[in-house]
DNA sequence: GTAAAATCTTTTACCGAGTTAATGTTTTCC
DNA sequence: GGAAAACATTAACTCGGTAAAAGATTTTAC
């Protein structure tokens, strides 16, 4: 049933991702060409694009997981739990597991430094964020998600991104891992508290000018 | 003092922007090359990049204004007015002026269709949005803006983007201009109401699992 | 008005990401 | 073992973007 083939493919893919990540970390994303990566992995340039649609995906390999995690957390939540509480629980679980999405340490900071130094990587990260918003809105409100659902979804992802960025900033400013992660959780709670109110708070009438 | 030179430059720039916008609208952003634009404007390819750093900027020429408007609205606001009220006022003013940032009609919808059909244009729009967030955070909290300021700024821009996208959606789904703009304002009010509360609402403690 | 300096444009040549099509090589399955 | 399917490679190409040098135009100074 094609076992050797499959394992070879897994292997090549992993090798490419590893080799590329190492080279990007050492020299910066924009100072490494796809051809160099191909050569270092004993493969041709075309093959690289056969495995990764864009150069950026060589570095952002695991980032599609965001959508997966969200879907899981919302799908498997206990009866009666609100979506926002389910996501708050997801943050805790990922944080305990020391998953890079919810935990800052010297490794993740180094990783983000590479991203921050490359406009195209940053662009791709933004794109992935938007995909997550759309997926979350769908999860929250079904196939005909309206503007409010998208607004709530946007605020959740925005909170996550902002909290993460703040944690990185704290760490890079000489803060300890502990402080950085505390800052992360603090902002998450801030943002999520707001979202909790959004779903029920009525819009305020604009005042006449 | 270099008058002829200046006017010629303004002219060339405008010609490039016009020619490009027309071609993009007719054939789609990705189906027009920079060389074609250069030829149509009687100029060389290098000159195009002399005026516009990226191809995308040929279509998104006026989008840097977002930051300007924000700075203006916050800088010139009457004593005692909160930043969020100042921005709410800006929305009304732009809307009355029928400015494309705050008003949906068949023209703006056509414009967004071009954007939506091109990944690179969408990416650039996202980038401009992030720049606006950073500028707004700076305006709200000064040079050492913290995570909360960035969160609030992010929510404001997010609200704007989401409201606008929703208005477009309403219009394209057969809604009238009136309905589309009503949807825009409704979501703006929703999001801004949330932001008003954020600045004062305390974060909720997480419940023990 | 003219010459020199400053500024803008063009030409040419190049790089790197990404695509396409044809050819070559492995793996699979019978 | 051999045909068919799956994958990799080569080669040639497109397009956005950059760099350097040469050419043209405008400005400034005299």
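Protein chains in written order, with my numbering: chain G, 749 to 957; chain Z, 749 to 957.
Think of the CB as a built atom: it goes at the ideal place given N, C-alpha and C, for glycine as much as any other residue.
Within the stretch 833 to 905 of chain G, the runs of alpha helix (DSSP H) at least 4 residues long that lie entirely inside it are, in chain order, 854 to 864, 867 to 889. Taking a Cβ-Cβ threshold of 9 angstroms, none of the residues of chain G is close to residue 778 of chain Z; the smallest such distance is about 15 angstroms.
In the three-state reduction of the DSSP assignment, residue 817 of chain G falls in the helix class. DSSP places residue 776 of chain G in no alpha helix (DSSP H); its state is neither H nor E. Listed in chain order, the non-local C-beta contacts of residue 843 of chain G below 6 angstroms within the same chain comprise 850, 851, local neighbours out to five positions each way being set aside.
DSSP places residue 801 of chain Z outside any alpha helix (DSSP H), giving it a letter other than H or E. For residue 919 of chain Z, the closest of Z/856, Z/873, Z/792, Z/864 by C-alpha to C-alpha distance is Z/856. Annotation: residue 828 of chain G to residue 787 of chain G spans about 54 angstroms, alpha carbon to alpha carbon. Within chain G, the residues placing a beta-carbon under 8 angstroms from that of residue 878 of chain Z are 874, ordered along the chain. The straight-line gap separating the alpha-carbon atoms of residue 811 of chain G and residue 876 of chain G is approximately 7 angstroms.
Nearest CB-CB separation between residue 914 of chain G and chain Z: below the 8 angstroms threshold.
For residue 940 of chain Z, the enclosing alpha helix (DSSP H) starts and ends at 925 to 946. Separation of residue 791 of chain G and residue 886 of chain G (C-alpha to C-alpha, rounded to the nearest whole angstrom) is 39 angstroms.
Burial of residue 884 of chain Z is indicated by the presence of at least 16 other C-beta atoms within 10 angstroms of its C-beta.
The alpha carbon of residue 938 of chain G has as its nearest neighbour, out of G/927, G/925, G/911, G/926, the alpha carbon of G/911. For the C-beta of residue 829 of chain G, not a single chain Z residue is nearer than 7 angstroms; the gap to the nearest is close to 11 angstroms. The C-alpha of residue 837 of chain Z lies about 33 angstroms from the C-alpha of residue 770 of chain Z. Contact check for residue 895 of chain Z against residue 931 of chain G passes: the beta carbons are separated by less than 8 angstroms.
Chain Z places no beta carbon closer than 8 angstroms to that of residue 855 of chain G, leaving this residue out of the contacts. Here residue 830 of chain G carries a coil assignment [DSSP, helix/strand/coil]. The criterion of a C-beta distance shorter than 8 angstroms is not satisfied by residue 916 of chain G and residue 880 of chain G.
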